[in-house]
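Asker: Pasting in a structure now, in C-alpha cells, and then I'll have a few things to ask.
4 protein chains.
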Amino acid sequence: MRQATPTSRQSAASKHVKARAVSPRSKRAHVLKGAAGARRASSPDLPRKLPRQPRAHETVKAILQAAAKLIAEQGFALMTTNKIAERAGVSIGSLYQYFPNKTAILTSLLEEHQAGIQPVIEQSMRELEDPKLAFSEAIRRLFVRLLEKHAVHPRLNRVLAEEVPRTRRAIALDRHNEEAYVNRVVEILRKRRDTRVAHPIAMAHILFQATQALTRWLAHTPPEIHIREACIDEAVKMLSVYVQERRRRSAG
Amino acid sequence: MRQATPTSRQSAASKHVKARAVSPRSKRAHVLKGAAGARRASSPDLPRKLPRQPRAHETVKAILQAAAKLIAEQGFALMTTNKIAERAGVSIGSLYQYFPNKTAILTSLLEEHQAGIQPVIEQSMRELEDPKLAFSEAIRRLFVRLLEKHAVHPRLNRVLAEEVPRTRRAIALDRHNEEAYVNRVVEILRKRRDTRVAHPIAMAHILFQATQALTRWLAHTPPEIHIREACIDEAVKMLSVYVQERRRRSAG
Amino acid sequence: MRQATPTSRQSAASKHVKARAVSPRSKRAHVLKGAAGARRASSPDLPRKLPRQPRAHETVKAILQAAAKLIAEQGFALMTTNKIAERAGVSIGSLYQYFPNKTAILTSLLEEHQAGIQPVIEQSMRELEDPKLAFSEAIRRLFVRLLEKHAVHPRLNRVLAEEVPRTRRAIALDRHNEEAYVNRVVEILRKRRDTRVAHPIAMAHILFQATQALTRWLAHTPPEIHIREACIDEAVKMLSVYVQERRRRSAG
Amino acid sequence: MRQATPTSRQSAASKHVKARAVSPRSKRAHVLKGAAGARRASSPDLPRKLPRQPRAHETVKAILQAAAKLIAEQGFALMTTNKIAERAGVSIGSLYQYFPNKTAILTSLLEEHQAGIQPVIEQSMRELEDPKLAFSEAIRRLFVRLLEKHAVHPRLNRVLAEEVPRTRRAIALDRHNEEAYVNRVVEILRKRRDTRVAHPIAMAHILFQATQALTRWLAHTPPEIHIREACIDEAVKMLSVYVQERRRRSAG
DNA sequence: GATGAATGAGCTTTCATTCAT
DNA sequence: TATGAATGAAAGCTCATTCAT
C-alpha cells in the first residue's frame with residue numbers, strides 16, 4: 523500500500539513551480555542533450571545521473587536530506603532549489619547535475635519513502651496469507667507498522683502526501699501500485715476461504731483505500747492520544763469485521 | 523459529513539500565495555471602523571465587499587465561474603488571478619474589489635461546494651436516526667447522494683480537495699466540522715441501540731474518515747464502471763456491517 | 523554632522539513599498555541559521571548578499587549607479603526596480619540577488635553618501651577642537667567642505683534627503699548620529715572655554731540642526747550665485763557669533 | 523514664514539501616486555471639459571469647483587478632514603482617494619467632483635495650514651518692526667506661536683512637511699513666499715537701525731531658513747521635554763544675537 | 001448631483017534554471 | 001566537475017481615475 527500520497531493530494535505549489543513543473547517544461551528548460559556517461563535515459567523526473575563515485579553519492583544524499591528537512595520545517599512552498607542547495611552545502615549548479623529539475627528531487631523523496639514502506643507491506647501480506655494468524659491480528663499489525671513508519675518523519679510525510687503537487691508520473695505510479703496490491707489481496711482473499719466473495723476486486727480496493735486513508739489520518743492529524751488508541755482499535759475492527767462478515771455470510 | 527475538503531490537504535502553493543495569503547495583510551491592518559459601506563470585516567480570506575448592485579453580483583458570479591472553469595481545466599497551479607479576470611471578462615481591478623486575494627476566491631468556491639453538500643448531510647443524518655430505515659440503506663443513500671453531488675463538477679471538486687493549499691482557516695473549519703458531525707453521529711449511535719459501544723467517538727471518527735475517503739476516491743478516481751458499482755456496494759457493506767457488528771456484539 | 527538625511531523627510535512611498543518594506547518580510551521570517559554563504563543577516567533593508575566575485579561587484583556597482591542616476595533625473599517616485607535593472611544593464615533577478623527590496627538600494631545609496639561625509643565631519647571636529655583656529659574659521663571650513671561634498675551629486679542628494687521615504691531604521695540611525703555629534707560638540711564646547719554654558723547640550727543640538735538645514739538649503743535650493751556667497755558668510759557669522767557671544771557673556 | 527513645507531520636502535508617495543501625480547497626467551486623466559458653472563479655470567491642483575451650496579461646503583470640508591485624519595493616522599502612503607471618500611462618507615465620484623485629483627486635496631490641506639500660519643507671521647512682523655519690543659522678545663514670541671500652531675495637528679503637519687511629494691506648484695509657492703518674507707524682513711532690518719548691514723538679503727534668508735528648520739525640528743522631532751525648553755532659549759538666543767551683533771558691530 | 005462599479009497600467013518580487021568561469 | 005552569478009517570465013495586487021446609472 524502506497525502511503526505517501528494516498529487518496530492522492532497535492533498542493534498548489536508555487537504557481538511558478540506548477541507552471542513549470544506541471545506544464546510542459548518552460549521554454550528555457552533544456553532537454554538533457556543526449557549526454558552519455560552515467561546518465562539515465564532522459565525521463566524528466568528521474569535523477570539525472572546515477573552517481574558513480576562515493577563523493578557523488580554523498581552529494582545526492584545531502585541534497586535529499588536538505589530537501590526533506592526544508593519540507594518538514596517550512597512546507598513545500600518554501601522549499602526552493604536554491605535553498606536546498608544552500609542547506610546541502612552544495613552549489614545550485616551541482617544540484618542540477620544530479621537532478622534535472624525540482625520535481626525529480628521530490629520524486630526521489632517519495633520513492634525513498636515508498637521503499638521504506640515496501641517491506642512493511644510485504645510482511646503484512648505474508649501475515650494475511652498465514653491461516654494461523656487471525657485476520658484482525660494481521661490487520662492490526664499492518665496498522666501499527668505503518669503508523670510506526672509514518673512516525674519517523676511525520677511532518678515530512680504529511681507534506682509529501684498533502685502539499686506536494688502530484689505529477690502525472692506519480693499518479694500513474696500510485697495507480698499501478700494500487701493495482702498490484704489489489705491483485706495480491708484478491709489472491710489472498712481467495713486462498714483464505716473456501717467461498718468466493720461477490721467482488722473480491724472491489725473488496726480489495728475498498729480495503730486498500732480505507733487502510734490508506736485511516737493510516738494517514740491517524741498519522742497526520744493525530745486525535746487526542748486516548749482517542750487515538752481507540753481509533754486504531756475501531757479501524758482494525760471495521761476492516762476485519764468487514765472481511766469476516768463476508769466469510770460468515772458465505773459460510774452461513 | 524463535509525465532503526469538500528475533509529482530511530483534505532493543501533499546501534502553501536506558490537511562495538507568492540503563501541507569503542501573501544498566510545502572513546497578515548499588512549495594509550489592511552488598520553481597519554477604518556468608522557467607515558460604513560458594504561464591506562465585511564477584513565478577515566483575510568473572506569470576500570472583500572458585498573456586491574450591492576445587480577451588476578456587481580454578476581461580476582462576482584462571473585469571477586467565481588471563471589475560476590471554477592480554470593481550476594477544472596488547468597488545475598490550481600495554472601489558475602492565476604489575471605487569467606480568472608480575463609476569462610470572466612472583467613478587469614483584474616474588479617476582481618480585487620470583491621476578493622482580497624487569490625485564496626479568497628478559492629474559499630468562496632469551497633464554501634459554495636460545502637453549502638451544496640450540507641443538505642445532503644442533513645438528510646442523511648435524519649435517515650440514520652430513523653429507526654424504520656435500515657442502517658445499510660441509510661448509508662447507501664448517503665453515498666449515492668454524495669456521489670451525485672460530486673458528479674456535478676468532478677474535476678473542480680477533485681482539485682479543490684487535493685490541490686488547493688489549505689489555509690489555517692480552512693483547516694480549522696474542517697476540524698470544527700468533523701467535530702460537529704462526530705458529535706451528531708455519536709448521539710445517533712446512542713439512540714439507535716440500547717447498548718453502549720466501547721468508543722462511540724472513535725467509531726464516529728472512523729465512519730467519518732472512511733466515508734469521506736471512499737466518497738472522494740469513487741468520485742475523483744473513478745474505477746472502471748462495472749467495478750465502481752461493486753465498490754459502492756462494498757463500501758456500504760463495510761460501514762454498515764461495522765456498525766451492526768457492534769450492535770450484534772453488544773446485544774449478544 | 524550628518525548631512526544626508528537630517529531632519530529629513532520622507533514618506534511611505536508607494537503603498538507597495540510600504541506594505542512590503544515596512545511589514546516584516548514574512549518568508550524571510552525563518553532564517554536558515556545553519557546556512558553559511560556570503561549572506562548578511564537578513565535585516566530588511568540591508569543588502570542581501572555580499573558579492574564575492576568581481577563580476578558580482580560590478581553588478582552591484584552598476585545597480586547603485588543606475589539607481590542614483592534615475593533618482594537624480596526623475597525623482598524617487600519614478601525610480602522603479604525594473605528601470606534600475608534595465609538602466610544597469612542587468613536583469614531584475616540580479617538586482618534582487620543583491621538587494622532584498624527597493625528600500626535596500628536607497629539605504630545603500632544613503633550610506634554611501636554618509637560614508638563620504640564622515641571624514642569631513644571628523645576633520646571639522648578636529649579643527650573645532652584646535653584652539654589655534656578661530657571658531658568662525660573652523661565653521662566656515664565645515665560649511666565649505668560640506669557644500670563641496672553636496673556639489674558632487676546635488677540632485678541625488680536633494681532627492682535622497684527630501685523625497686525618499688525614511689525607514690524606521692534610517693530614522694533611528696539619524697537620531698543616533700545626532701546624539702553622537704551632539705556629545706562630541708558638547709565636549710568641544712567645554713574644552714574650548716573656561717566657563718560653562720547654560721545648556722551645552724541644547725546649544726549643540728541647535729548648532730547641529732542649523733548647520734544641517736542651512737547646508738542643505740544652500741546645496742539644494744541654490745540662491746542666485748552672488749547672494750549665495752553672502753549667505754555662506756552670514757550662516758558662518760550666525761553660528762560663530764552665537765557660540766562666541768556665550769563666551770563673552772560668561773566671561774563678562 | 524511658510525511652515526508647512528519648509529526646506530521643502532516631499533515623499534515618495536506611492537509610485538503609483540507619483541507616477542501619476544508628478545508626471546504629466548496619465549493617459550486616462552481627463553481634462554475638465556470646459557464645464558461651466560461654478561468652476562475655476564482648470565488649474566490642475568486646485569479644487570475643481572467653488573462650492574456654492576452649504577451642502578457642497580460640507581462635503582468639501584468632510585473630504586479635507588478625512589484626508590487630514592488619514593494622513594495623520596496612517597501616513598501619506600496609506601492615504602488613498604478611495605479611503606478618503608469612504609471616511610468622509612462620500613462616494614468616490616463625489617470626491618472627484620470637488621477635487622480634480624489627489625494632489626488637489628493635498629494642496630488644499632497645505633493651503634489651509636498656511637492660512638492658519640499667516641496671521642502668526644503677520645503679527646510677528648509687526649512686533650519685529652516695533653522698536654519698543656526687544657528683538658529677542660519678538661523672536662521668542664514668533665517661535666512660541668509657531669510651535670503652538672504646529673501643536674494642533676502635529677502628526678499631520680509632520681507628514682505634510684516630510685512625506686508628501688512636493689508638486690512644482692508647491693515648490694514655486696514656497697519660493698515665492700520666502701521671497702516675500704525676505705523682502706519684508708529686509709525692510710524691517712533697515713528700519714530698525716541706522717546702519718546698513720553688509721547683506722540684509724542674505725541675512726533675511728538665513729533667518730528665514732533657520733527659523734523654519736528649528737521650528738520644524740522642535741515641533742516634529744521633540745527632544746526630551748527639559749531639553750526642549752532650553753533649545754527654544756538657545757534658538758532664540760542664536761537668532762537675536764546674530765541680528766544684534768550686526769548692530770553692535772556697525773554701531774561700534 | 002451623486003453613486004459606486006469598473007478599469008488597467010504598472011509595481012515589486014520570486015525562483016527554477018542556465019552557463020561562463 | 002563544481003561554482004554561483006545571472007536570467008526573465010510571470011505572479012499577485014494597488015489605486016487614481018472614469019462613467020454608466
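Line order of the protein sequences matches chains P, V, R and B. Per my numbering, the very first residue in the first sequence carries number 523; after that it's consecutive. Per my numbering, the very first residue in the second sequence carries number 523; after that it's consecutive. Per my numbering, the very first residue in the third sequence carries number 523; after that it's consecutive. Per my numbering, the very first residue in the fourth sequence carries number 523; after that it's consecutive. Even glycine gets a Cβ: it sits at the ideal position worked out from N, Cα and C.
Spell out whether any CB of chain R is found under 7 Å from the CB atom of Val707 (chain B).
Answerer: No, no contact with chain R.
Asker: In whole angstroms, what separates the C-alpha of Arg667 (chain B) from that of Ile710 (chain B)?
Answerer: Distance between the alpha carbons of Arg667 (chain B) and Ile710 (chain B) is about 20 Å.
Asker: Of the choices P:Asn699, P:Trp739, P:Ser762 and P:Phe730, whose alpha-carbon is the least far from that of Ala637 (chain P)?
Answerer: Per the Cα distances, P:Asn699.
Asker: Residues of chain B with a CB under 8 Å from the CB of Lys605 (chain R): which are they?
Answerer: Going along chain B, no residue has its Cβ under 8 Å from Lys605 (chain R), so there is no contact; the nearest lies around 10 Å.
Asker: Mapping the DSSP letters down to three states, classify Lys571 (chain V) as helix, strand or coil.
Answerer: Reduced to three states, the DSSP call for Lys571 (chain V) is strand.
Asker: How long is the line joining the alpha carbons of Ala558 (chain B) and Leu729 (chain B), rounded to whole angstroms?
Answerer: In this prediction, Ala558 (chain B) has a pLDDT of 31, which is less than 50 and means its spatial position is unreliable; what the coordinates show is noted afterwards. Looking at the two C-alpha atoms, the distance is approximately 45 Å.
Asker: Between Thr603 (chain V) and Lys583 (chain V), is the Cβ-Cβ spacing less than 7 Å?
Answerer: In this structure, Lys583 (chain V) does not lie closer than 7 Å to Thr603 (chain V) by Cβ.
Asker: I want to verify the contact list: residues of chain B whose CB lies under 9 Å from the CB of Leu736 (chain R), in sequence order.
Answerer: By Cβ distance, chain B contributes Ile728, Gln731, Ala732 and Ala735.
Asker: Name, going along the chain, the residues of the stretch 575–589 of chain B whose beta-carbon falls closer than 9 Å to a beta-carbon of chain R.
Answerer: Listed by position along the chain: nothing, the set is empty.
Asker: Closer than 7 Å, CB to CB, is Ala647 (chain P) near chain V or not?
Answerer: Sequence check: residue 647 (chain P) is Met here, not Ala. Chain V, which has no Cβ nearer than 7 Å to the Cβ of Met647 (chain P), makes this no.
Asker: Does DSSP classify Glu767 (chain V) as helix, strand or coil?
Answerer: Here Glu767 (chain V) sits in helix by DSSP.
Asker: Rounded to the nearest angstrom, what separates Pro641 (chain P) and Thr743 (chain P) at their Cα positions?
Answerer: Taking the straight line joining both Cα atoms gives about 24 Å.
Asker: Within 7 Å of any Cβ in chain B, is that where the Cβ of Glu756 (chain R) sits?
Answerer: Output row for Glu756 (chain R): interface = yes.
Asker: Report yes if the CB atom of Ala660 (chain V) is closer than 7 Å to the CB atom of Leu669 (chain V), and no otherwise.
Answerer: No, these two residues do not count as a Cβ contact at 7 Å.
Asker: Alpha carbon to alpha carbon, what distance is there between Gln766 (chain R) and Phe657 (chain B)?
Answerer: Each residue's alpha carbon lies about 19 Å from the other.
Asker: Starting from Lys671 (chain B) and walking both ways along the alpha helix (DSSP H), at which residues does that stretch end?
Answerer: Per DSSP, Lys671 (chain B) belongs to the alpha helix (DSSP H) from Phe657 to Val674.
Asker: Output, in chain order, the set of chain B residues within a Cβ distance shorter than 7 Å of His675 (chain R).
Answerer: None at all; the shortest Cβ gap to chain B is about 18 Å.
Asker: Candidates P:Ala607, P:Pro745 and P:Lys713: which alpha carbon is nearest Arg648 (chain P)'s?
Answerer: When each option's Cα is compared against that of Arg648 (chain P), the closest is P:Lys713.
Asker: Out of curiosity, what's the CA-to-CA distance linking Ala724 (chain P) and Ile749 (chain V)?
Answerer: Roughly 6 Å separates the two Cα atoms.
Asker: What residues of chain P sit near Ile723 (chain V), judged by a beta carbon separation below 8 Å?
Answerer: Here the neighbours are Ile749 and Ala752.
Asker: Relative to the alpha-carbon of Ala599 (chain V), which residue among P:Glu746, P:Tyr703 and P:Val686 has its alpha-carbon at the smallest distance?
Answerer: With distances taken between Cα atoms, Ala599 (chain V) lies closest to P:Val686.
Asker: By the 10 Å Cβ neighbour count, where 16 or more other Cβ atoms means buried, how is Arg577 (chain P) classified, buried or exposed?
Answerer: It counts as exposed.
Asker: Using a Cβ cut-off of 7 Å (strictly closer), state whether Val666 (chain B) contacts chain R.
Answerer: False, the Cβ-Cβ gap to chain R never drops below 7 Å.
Asker: Using CA atoms only, rank isn't needed, just tell me which of B:Glu633, B:Ala702 and B:Thr581 is closest to Tyr618 (chain B).
Answerer: Among B:Glu633, B:Ala702 and B:Thr581, the Cα nearest to that of Tyr618 (chain B) is on B:Thr581.
Asker: Taking a Cβ distance cut-off of 7 Å, strictly less, list which residues of the stretch 596–621 of chain R are near chain B, in chain order.
Answerer: Answer in chain order: Gly597, Phe598, Ala599, Leu600 and Thr602.
Asker: Mapping the DSSP letters down to three states, classify Ala563 (chain B) as helix, strand or coil.
Answerer: Interpretation of Ala563 (chain B) is limited by its pLDDT of 42, a score under 50 that renders its predicted location unreliable; no figure is taken from the coordinates.
Asker: Which value, in whole angstroms, describes the spacing of the CA atoms of Ser613 (chain P) and Ala589 (chain V)?
Answerer: For Ser613 (chain P) and Ala589 (chain V), the distance between alpha carbons rounds to 39 Å.
Asker: Could you check which residue in P:Leu632, P:Leu740, P:Arg706 and P:Asp755 has the C-alpha nearest to that of Pro722 (chain V)?
Answerer: Here the closest residue by C-alpha is P:Asp755.
Asker: Nearest-angstrom Cα distance between Ile593 (chain P) and Ile606 (chain P)?
Answerer: Near 10 Å, if we compare the C-alpha coordinates of Ile606 (chain P) and Ile593 (chain P).
Asker: For a contact defined as C-beta to C-beta under 9 Å, what are the partners of Lys624 (chain P) on chain V?
Answerer: Those do not exist, as Lys624 (chain P) stays about 13 Å from chain V at its closest Cβ, beyond 9 Å.
Asker: Distance cutoff 7 Å, beta carbons only. Does Tyr703 (chain V) sit that close to anything in chain P?
Answerer: False, the Cβ-Cβ gap to chain P never drops below 7 Å.
Asker: Looking at C-alpha atoms only, which residue of R:Arg663, R:Leu740, R:Asn679 and R:Thr733 is the closest neighbour of Ala757 (chain B)?
Answerer: Cα-wise, what sits closest to Ala757 (chain B) is R:Thr733.
Asker: Quick one: which chain V residues come within Cβ less than 8 Å of Glu495 (chain P)?
Answerer: Residue 495 (chain P) cannot be examined here, being either before or after the span of chain P that is shown, 523 to 774.
Asker: Just the chain R side, please: which residues come within less than 7 Å of Pro745 (chain B) by C-beta, in chain order?
Answerer: Here the neighbours are His727.
Asker: Is any non-hydrogen atom of the ligand ADP found closer than 6 Å to the C-beta of Arg690 (chain B), if you look at the structure I gave you?
Answerer: This structure does not include the ligand ADP; it has no bound ligands of any sort.
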